[in-house]
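Trainee:
Number of protein chains: 2
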Amino acid sequence: MIESTEGNGHNHKILRLPTIKRLPTYLHILKRLQAEGEEYVSTTALINELDFKPILVRKDLVLMGIPGKPRTGYCLKDIIQAIEKFLGWNNVDEAFLIGTGALGSALLGHKPFEENGLKIVAGFDIDPERVGKVIHGKKIFHLSKLKELAHRMGVKVGIITVPWQSAQEVADVLIEAGIVGIWNFSMLKLKTPPEVVCHNENLSGGLAVFSVKLQQRRENLL
Amino acid sequence: MIESTEGNGHNHKILRLPTIKRLPTYLHILKRLQAEGEEYVSTTALINELDFKPILVRKDLVLMGIPGKPRTGYCLKDIIQAIEKFLGWNNVDEAFLIGTGALGSALLGHKPFEENGLKIVAGFDIDPERVGKVIHGKKIFHLSKLKELAHRMGVKVGIITVPWQSAQEVADVLIEAGIVGIWNFSMLKLKTPPEVVCHNENLSGGLAVFSVKLQQRRENLL
DNA sequence: TAGATTGTTAATCGATTAACAATC
DNA sequence: TAGATTGTTAATCGATTAACAATC
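Quick note, the sequences are listed as chains U and S, same order.
Sequential numbering from 1 applies to the first sequence in our numbering.
Sequential numbering from 223 applies to the second sequence in our numbering.
Structure representation (structure tokens):
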């Protein structure tokens with residue numbers, strides 16, 4: 001029933017995941033350089049602060065359609081603007097966060113989110129100890145209030161930071177409340193309808209890589 | 223991006239990063255199945271709870287040297303043990319965490335770390351408001367105490383959760399204190415000597431991917 | 001035996017790197 | 001012009017998927 005007469009395929013430049021993940025790193029360094037008064041930057045200069053090869057950076061910028069000038073490099077203002085626009089970080093999405101344990105509380109107070117287009121406006125929990133409290137300036141409501149508040153405030157994004165056992169239950173509440181995007185920090189693969197965007201964050205993947213590196217370090221010492 | 227083992231090479235089975243990042247996900251599901259009383263699992267059954275294709279799981283298990291039985295699948299106890307051993311999650315590393323802001327506090331109380339081989343034993347900060355406090359059961363010391371405590375307690379791992387401006391400074395303190403592994407959550411690329419293992423966590427990469435997915439969702443609606 | 005599943009070998013796909021021409 | 005840097009096209013490298021033989 002939902003048909004996209006004009007919204008097929010390539011209404012938006014399609015970047016690949018590895019590229020997208022690198023963008024915030026670029027952005028951070030570019031802003032630093034800008035704050036230091038620079039106006040242009042070359043990819044060779046950029047990678048001083050980076051782990052990548054210059055050609056990779058150039059490929060990424062080409063993919064985003066950002067033009068550079070031979071000999072001078074890229075205009076900082078232009079790349080910054082292009083990246084922020086591409087990521088949608090220039091206009092802010094309001095979000096609800098469900099699950100105010102250690103991780104959830106942290107995200108409630110995580111500054112970079114607000115600066116990067118995602119503003120958490122309220123927290124939710126079912127623990128009576130937590131409901132009614134204020135964490136990092138954000139009020140915690142009972143989960144049963146979510147649907148009503150979502151409609152009243154027009155919030156369309158949910159962040160799940162509950163243990164995996166209750167993650168699906170929470171997802172169902174969000175879907176019922178008309179949320180269109182879910183950022184899932186739990187270990188459970190959620191069942192969601194196709195029209196809801198769901199992104200699973202795999203925090204333990206990072207720990208795994210670190211653990212293996214540590215082990216290899218240890219073995220190399222022997 | 224692929225970090226090869228630097229040194230001699232094959233003292234340890236070498237897994238690739240994508241495989242390593244998938245291991246915790248496998249582990250989590252395998253343990254769930256075990257708790258439900260299962261003894262064997264086939265890759266076809268596994269991917270019900272997963273986003274991957276069965277062949278990919280089998281390839282990963284082969285890489286780790288875990289044998290399966292045609293028709294029956296893999297012995298849960300064996301895979302779980304093999305993965306935990308590979309990740310070094312059966313013996314616990316003690317770690318210091320530096321920077322007790324929102325993110326740092328969260329990690330101090332993040333249960334899965336303890337269960338997965340990384341035990342944070344103390345926090346550090348320079349803010350007098352925070353020094354002396356106890357967060358999630360862990361005492362916060364002044365950064366100037368780190369070196370002495372590291373030696374006394376034999377701690378060899380550091381987790382950096384300070385803003386990027388002070389990250390290098392903190393890293394220098396850790397290196398000076400004889401730490402061998404650094405898990406860096408700041409946005410700064412740290413300068414570390416080759417004998418120190420350094421793993422940079424890119425949290426904003428996840429946000430970037432989620433942001434793009436949200437945008438695409440929005441565009442498809444039009 | 002019949003059937004399901006593993007695990008090997010080859011094919012495909014995607015991402016990074018290299019070479020180099022185009023540009024200012 | 002000389003030199004540095006971009007950006008294109010091709011080569012390489014790595015990861016995933018497919019096909020299928022081996023196994024219980």
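Idealized CB from N, CA, C, for every residue including glycine.
For S:Asp273, name the three-state secondary structure that DSSP assigns.
Mentor: S:Asp273: coil per DSSP, three-state reduction.
Trainee: Comparing alpha-carbon positions, which option in U:Thr44, U:Asn202, U:Asp127 lies nearest U:Ile55?
Mentor: For U:Ile55, the nearest C-alpha among the options comes from U:Thr44.
Trainee: Restricting to Cα atoms, I'd like to know which of S:Ser433, S:Arg440, S:Asn442 is closest to U:Lys21.
Mentor: S:Ser433
Trainee: According to DSSP, is S:Lys413 part of a helix, a strand, or is it coil?
Mentor: coil
Trainee: For chain U, check one thing: does any of its Cβ atoms lie closer than 8 angstroms to the Cβ of S:Gln390?
Mentor: no
Trainee: Does DSSP put U:Phe124 in a helix, a strand or coil?
Mentor: strand
Trainee: Helix, strand or coil for U:Phe185, going by three-state DSSP, please let me know.
Mentor: coil
Trainee: Identify whether U:Glu6 lies in helix, strand or coil by the three-state DSSP scheme.
Mentor: At U:Glu6, the pLDDT of 29 sits below 50, so the modelled position is not reliable and the matter cannot be decided from this model.
Trainee: Can you name the residues of chain S whose CB is closer than 7 angstroms to the CB of U:Arg217?
Mentor: Listed along chain S are Val402, Gly403, Val419, each with a C-beta nearer than 7 angstroms to that of U:Arg217.
Trainee: What number of angstroms, rounded off, separates the C-alpha of S:Asn313 from the C-alpha of S:Gly403?
Mentor: 16 angstroms
Trainee: Among U:Lys119, U:Glu176, U:Ala208, whose alpha-carbon lies nearest the alpha-carbon of S:His250?
Mentor: U:Ala208
Trainee: Could you name the residues of the stretch 302–332 of chain S whose beta carbon sits closer than 7 angstroms to any beta carbon of chain U, in the order they occur along the chain?
Mentor: Residues passing the 7 angstroms Cβ filter: Leu309, Gly310, Trp311, Asp315, Ala324, Leu325, Ser327, Ala328, Gly331, His332.
Trainee: In its own chain, which residues sit with a C-beta less than 7 angstroms from the C-beta of S:Asp300, not counting the 5 before and 5 after it?
Mentor: The beta carbon of S:Asp300 sits closer than 7 angstroms to the beta carbons of Ile288 from its chain, once the five residues preceding and following it are set aside; these are given in chain order.
Trainee: If you follow the alpha helix (DSSP H) that S:Glu370 is in, where does it begin and where does it stop?
Mentor: 368–375
Trainee: Rounded C-beta distance between U:Ile98 and U:Gly158? I'm assuming under 8 angstroms.
Mentor: Yes, U:Ile98 and U:Gly158 are in contact; Cβ-Cβ is about 6 angstroms, under 8 angstroms.
Trainee: Enumerate in chain order the residues of its own chain whose CB-to-CB distance from U:Val197 is below 6 angstroms, with the five nearest sequence positions on each side excluded.
Mentor: Gly181
Trainee: Since U:Ile29 is in the alpha helix (DSSP H), which residue starts that stretch and which ends it?
Mentor: Its alpha helix (DSSP H) spans residues 17–35.
Trainee: Who are the neighbours of U:Glu201 on chain S, taking C-beta pairs under 7 angstroms?
Mentor: Gly428
Trainee: Quick check on the burial criterion: 16 or more other C-beta atoms within 10 angstroms. Buried or exposed for U:Thr5?
Mentor: At U:Thr5 the pLDDT is 28, less than 50, meaning the model places this residue with poor confidence and gives no usable figure here.
Trainee: CA-CA distance, U:Val62 and U:Tyr26?
Mentor: 14 angstroms
Trainee: What first and last residue would you give for the beta strand (DSSP E) that runs through S:Glu398?
Mentor: Where S:Glu398 is concerned, there is no enclosing beta strand (DSSP E), although the alpha helix (DSSP H) it sits in stretches over 386–398.
Trainee: Would you say U:Phe210 reaches chain S, if we count a Cβ-Cβ gap shorter than 8 angstroms as a contact?
Mentor: yes
Trainee: If you count every other CB in all the chains shown that lies within 10 Å of the CB of S:Met409, and 16 or more means buried, which is it?
Mentor: Burial check for S:Met409: the Cβ neighbour count within 10 Å reaches 16 or more, so the residue is buried.
Trainee: Taking 8 angstroms as the CB-CB limit, is S:Pro334 close to chain U?
Mentor: yes
Trainee: Under three-state DSSP, which class holds S:Met223?
Mentor: Here S:Met223 scores only 33 on pLDDT, less than 50, and its place in the model is too uncertain to base an answer on.
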